[in-house]
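With the UniProt record's numbering, the residue at position 86 of the sequence shown is 86, and numbering never jumps. Some notes on the structure that comes next.
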Amino acid sequence: MPCSPRNIYHENGQTVLRWSIIEKALSSPIDTIEDYIKAVITYNGRFTDSWNFKHLEAALHLQPSYAPLLPKIADLALKLPNLIPQPIPLLQKNQETSLTLSQYQVACLLANAFYCTFPHRNARSRDSEYANYPFINFGTFMSKGFRNTTKSTDHKVLCILHYFHRIFSTNEPPRGVVTYTRRCLDKTIPFAYSNVPIKSVAFGVSSTCLIEDAGPDTIQVNFANRFLGGGVLRGGCVQEEILCCIRPELLIGLLFFESMESNEALIIEGTERYSRYTGYGNTFKWAGDFNEALDAKNTRDEQGRWKGAVVAIDAIPFNKTEPQFDIAPIRRELNKAYAGFSDDLAPYRPLPKVVVSGNWGCGAFGGNKELKCLIQLMACAHAGKSLAYCTFSDDKFAKRALEIYEALCSSSCTIEQLWNILITLDVPRLNNRTINIFEMVMEKLSSMATSASPLPTSPST
């Protein structure tokens with residue numbers, strides 16, 4: 001933590017507490033971008049030439065009324081020793097753990113990220129202390145440089161400024177709490193022997209609704225990198241990065257969540273959405289305020305969390321098409337999705353009943369949309385969750401997804417039977433693009449019905 005007595009700094013041949021330097025820098029007048037840069041570089045001197053904060057400057061140019069936030073954010077950062085007097089635990093891999101913070105504590109931590117006060121979190125070498133954790137300080141994020149030059153980053157920074165604008169817009173600090181959970185499966189789930197019918201859960205498809213707009217009290221799936229946030233603090237601006245910008249309380253997970261293993265999911269309950277947006281990737285733009293209560297019609301639970309959860313699950317990246325149809329990747333993706341969707345959540349309370357997802361891992365990661373749709377449907381069925389599937393303006397895929405679900409239901413297909421269909425797909429035919437996975441599954445279901453023979457049961461896998 002920045003205010004830890006072990007966080008020391010060598011200055012003029014003397015050893016001093018780094019927090020005392022931070023306090024002095026952030027207590028000085030910070031009214032302009034130049035004042036901000038001077039303060040941050042005071043205790044981050046080795047980044048003098050690389051942190052230019054051009055994206056912060058551009059964001060303040062887009063919204064000049066947010067310039068007075070700079071000293072307020074500094075004041076909030078300095079409240080850290082009082083608001084969080086104990087070290088925050090790291091939520092390490094293969095350890096199922098939860099951490100609950102007040103929204104005001106989260107805001108204080110984000111203020112420290114904004115002022116780049118976290119020690120040992122800027123190193124890039126693989127043998128550094130926090131090599132298996134995401135970056136948390138905002139220095140690279142708010143500076144133009146390698147892989148971070150697009151105007152969309154200006155608007156990502158603007159989302160963060162708007163978040164702080166909301167934090168300071170009332171005389172009272174935010175009153176809610178946010179719970180961050182690392183979920184670890186201690187063994188693989190036997191999908192190959194599951195007799196749960198696909199029709200046991202509801203399935204809906206929309207080509208117009210976005211995951212974040214699907215409504216309150218749902219599980220919203222974050223198409224995550226194994227490092228939470230992905231490229232949010234660099235030039236990345238796709239689904240995960242956008243989600244972190246419109247719900248900035250997700251970002252503080254970068255401080256303590258170690259990168260995910262194949263049997264893990266990250267579950268964040270109670271984050272608040274603060275911003276609207278338009279566009280995607282290079283066309284992303286901040287589009288004004290979003291009110292969780294008024295716009296999402298959301299309410300808080302008895303602990304003070306906004307209802308609903310964001311679940312981060314990382315898909316396998318595929319450089320080639322064929323490997324994803326092998327048994328091991330299918331099993332891995334099923335277990336990964338189940339880890340995020342199931343109610344086996346520390347401290348063991350039910351998650352929302354509806355999973356809102358879409359083409360998970362099907363963009364830069366090269367996943368097959370039809371396969372990922374069926375995998376998530378199987379995971380939901382085993383977890384007892386309904387699946388609301390967003391196809392992102394693809395009307396044809398929405399129609400075909402609903403048709404395959406109806407066919408699976410009418411044939412009373414179980415998870416086990418669908419598993420066996422998927423692991424015996426005719427990959428050469430798929431490669432020739434003469435048929436797609438949904439059509440191939442339809443063929444198998446039709447042939448089984450015509451021959452009046454049962455659907456295949458599991459071989460030893």
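Just so it is clear, CB atoms sit at the ideal spot from N, CA and C, and this is done for glycine as well.
Quick one, which of the options has its alpha-carbon nearest residue i's?
{"i": "N282", "options": "T149, N122, S28", "result": "T149"}
{"i": "N44", "options": "H10, F392, A315, K54", "result": "H10"}
{"i": "V205", "options": "L266, C373, Q92", "result": "C373"}
{"i": "M142", "options": "A74, I160, A398, S128", "result": "I160"}
{"i": "R226", "options": "S4, I246, Y133, P174", "result": "Y133"}
{"i": "C380", "options": "I198, F47, M442", "result": "I198"}
{"i": "P115", "options": "I21, I267, N319, C390", "result": "A small correction: the amino acid at residue 115 is Tyr; Pro does not occupy that position in the sequence shown. Ranking the options by Cα distance to Y115, first place goes to I21."}
{"i": "S4", "options": "L76, I88, S65", "result": "I88"}
{"i": "D343", "options": "A388, T218, L251, R247", "result": "T218"}
{"i": "G340", "options": "I189, V177, I435, Q103", "result": "I189"}
{"i": "K336", "options": "V221, Y274, E272", "result": "V221"}
{"i": "F256", "options": "Q92, S262, A401", "result": "Q92"}
{"i": "P216", "options": "N291, A328, A59", "result": "N291"}
{"i": "T391", "options": "L17, F47, Q239", "result": "Q239"}
{"i": "F47", "options": "L425, N137, D326, G230", "result": "N137"}
{"i": "Y130", "options": "A39, E258, N298, K297", "result": "E258"}
{"i": "residue 470", "options": "K297, L377, P428, G230", "result": "Outside the shown range of the chain, which is 1 to 461, sits residue 470, and nothing can be said about it."}
State the Cα-Cα distance for the pair residue i and residue j, rounded to the nearest angstrom.
{"i": "G304", "j": "R126", "result": "39 Å"}
{"i": "I37", "j": "G145", "result": "16 Å"}
{"i": "R276", "j": "Q417", "result": "42 Å"}
{"i": "T97", "j": "E439", "result": "42 Å"}
{"i": "S460", "j": "N420", "result": "Note on S460: pLDDT 47, under 50, position unreliable in the model; no value is reported."}
{"i": "L26", "j": "R166", "result": "21 Å"}
{"i": "L109", "j": "C413", "result": "49 Å"}
{"i": "W306", "j": "H162", "result": "19 Å"}
{"i": "G361", "j": "A315", "result": "5 Å"}
{"i": "I211", "j": "I404", "result": "21 Å"}
{"i": "D213", "j": "Q86", "result": "36 Å"}
{"i": "T42", "j": "D49", "result": "13 Å"}
{"i": "N359", "j": "S128", "result": "34 Å"}
{"i": "K54", "j": "L185", "result": "43 Å"}
{"i": "Y104", "j": "L76", "result": "9 Å"}
{"i": "V178", "j": "L371", "result": "33 Å"}
{"i": "P64", "j": "E322", "result": "51 Å"}
{"i": "G367", "j": "I415", "result": "21 Å"}
{"i": "L78", "j": "T271", "result": "23 Å"}
{"i": "P350", "j": "G308", "result": "11 Å"}
{"i": "S207", "j": "K399", "result": "9 Å"}
{"i": "D154", "j": "A123", "result": "24 Å"}
{"i": "N171", "j": "Y280", "result": "35 Å"}
{"i": "I84", "j": "Y66", "result": "27 Å"}
Is the distance from the Cβ of residue i to the Cβ of residue j below 8 Å?
{"i": "E264", "j": "R182", "result": "yes"}
{"i": "G139", "j": "W19", "result": "no"}
{"i": "L334", "j": "F191", "result": "yes"}
{"i": "V196", "j": "H382", "result": "yes"}
{"i": "L254", "j": "F135", "result": "yes"}
{"i": "S357", "j": "C237", "result": "no"}
{"i": "K353", "j": "K320", "result": "no"}
{"i": "L430", "j": "I437", "result": "yes"}
{"i": "R273", "j": "R247", "result": "yes"}
{"i": "L250", "j": "V310", "result": "yes"}
{"i": "Y389", "j": "A407", "result": "no"}
{"i": "A364", "j": "A224", "result": "no"}
{"i": "A107", "j": "P174", "result": "yes"}
{"i": "D31", "j": "P71", "result": "yes"}
Let's test the definition: count the other Cβ atoms within 10 Å of the Cβ of residue i and tell me whether it reaches 16, buried, or not, exposed.
{"i": "L294", "result": "exposed"}
{"i": "Y193", "result": "exposed"}
{"i": "D395", "result": "exposed"}
{"i": "A449", "result": "exposed"}
{"i": "S433", "result": "The sequence shown places Arg at residue 433, rather than the Ser named in the question. Exposed, because fewer than 16 other Cβ atoms sit within 10 Å of the Cβ of R433."}
{"i": "E13", "result": "According to the sequence shown, residue 13 is Gly rather than Glu. Exposed: under 16 other Cβ atoms inside 10 Å."}
{"i": "E2", "result": "Inspection of the sequence shows that residue 2 is occupied by Pro rather than by Glu. The residue in question, P2, is buried, as its Cβ has 16 or more Cβ neighbours within 10 Å."}
{"i": "H120", "result": "exposed"}
{"i": "Q95", "result": "exposed"}
{"i": "I73", "result": "buried"}
{"i": "E57", "result": "buried"}
{"i": "G288", "result": "exposed"}
{"i": "K156", "result": "buried"}
{"i": "V441", "result": "buried"}
{"i": "C244", "result": "buried"}
Would you verify that the beta carbon of residue i is, or is not, closer than 8 Å to some beta carbon of chain D?
{"i": "D31", "result": "No chain D appears in the structure shown, which is made up of a single protein chain."}
Is any heavy atom of the ligand MN found at a distance shorter than 7 Å from the C-beta of residue i?
{"i": "K187", "result": "Ligands in the displayed structure: none, and consequently the ligand MN is not present."}
Any alpha helix (DSSP H) of 4 or more consecutive residues that is wholly inside the region 121-208:
151-167, all fully within the region 121-208.
Counting only runs of 3+ residues fully inside the region 236-309, write out the beta strand (DSSP E) ranges in chain order.
If we require 3 residues or more, the beta strand (DSSP E) runs fully inside the region 236-309 come out as 264-269, 275-278, 285-289.
In the region 40-120, which residue ranges form an unbroken alpha helix (DSSP H) of at least 4 residues, counting only runs that do not cross its ends?
Taking only runs of at least 4 residues, the alpha helix (DSSP H) segments lying wholly in the region 40-120 are 54-62, 69-77, 80-83, 103-114.
Residue ranges of each beta strand (DSSP E) within the region 349-398, 3 or longer
Correct list: 354-357, 386-390.
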